[in-house]
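The block underneath contains the structure these notes are about, expressed in structure tokens.
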């Protein structure tokens, strides 16, 4: 009796990935985290200034639309508008706005980071792939980095020589934001180069 060749058996076995199309849209969990932390930033800014709340709310809308379509440039624009609302609250609120400005900045940067993570994971793995654990770890680690950075910034503000004005804290936070953006743009450039080689 002739046994079937190994290649014949492999050819008869159905491919589990055959016919599966991945939705290359931002993941839902990180998108929700981005919009949620953006809302926290806008609300904290709103405690200081209604104009800052309006600007932050506009940024949240832009961020949500950017995540719906998966556009990185629009994600950057939305997160920047949310952060602009926080900065306006810091400038208008004076010394009383130091803590809200710090919390709002951490939330705005976290919203930007999670929005980019949602776009990246959606493009690389697809929306259908179970990534909740990965996204939760990413959120927790980004939050930890933000809280540590904010603690250092606040300690510099409180224990620095004399009472530092709010613009000094705002400049410190702007520097942290630009460093974060610089690190993120370098990562995107590497991803773009590696995708060009494939």
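In the UniProt record's numbering, the protein residues as written are 1 to 198. Don't be surprised by glycine CBs; every beta carbon is placed ideally from N, CA and C. The structure presented is a predicted model; accordingly, all values stated were derived computationally and were not measured.
For residue 97, no alpha helix (DSSP H) encloses it, and the DSSP letter there is neither H nor E. Look at residue 127 here: in three-state DSSP terms it is coil, with no helix or strand label. Residues of the same chain with a CB within less than 7 Å of the CB of residue 48, apart from the 5 flanking positions on each side, are 89, 92, 93, 97, 100 in chain order. Residue 70 and residue 144 have their C-alpha atoms spaced approximately 26 Å apart. If you draw a 10 Å sphere on the C-beta of residue 102, you find 16 or more other C-beta atoms in it, and that means buried. By the CB criterion at 8 Å, residue 44 and residue 107 fall inside the cutoff.
DSSP, read as helix, strand or coil, puts residue 48 in coil.
Comparing alpha carbon positions, the residue from 87, 133, 59, 104 closest to residue 29 is 133.
In this structure, DSSP gives residue 133 a helical state, which the three-state scheme calls helix. Around the beta carbon of residue 114, 16 or more other beta carbons sit within 10 angstroms, so the residue counts as buried. Between residue 61 and residue 77, the CB-CB gap reaches or exceeds 8 Å. DSSP, read as helix, strand or coil, puts residue 27 in coil. Annotated as distal: residue 26 and residue 140, with beta-carbon spacing of 8 Å or more.
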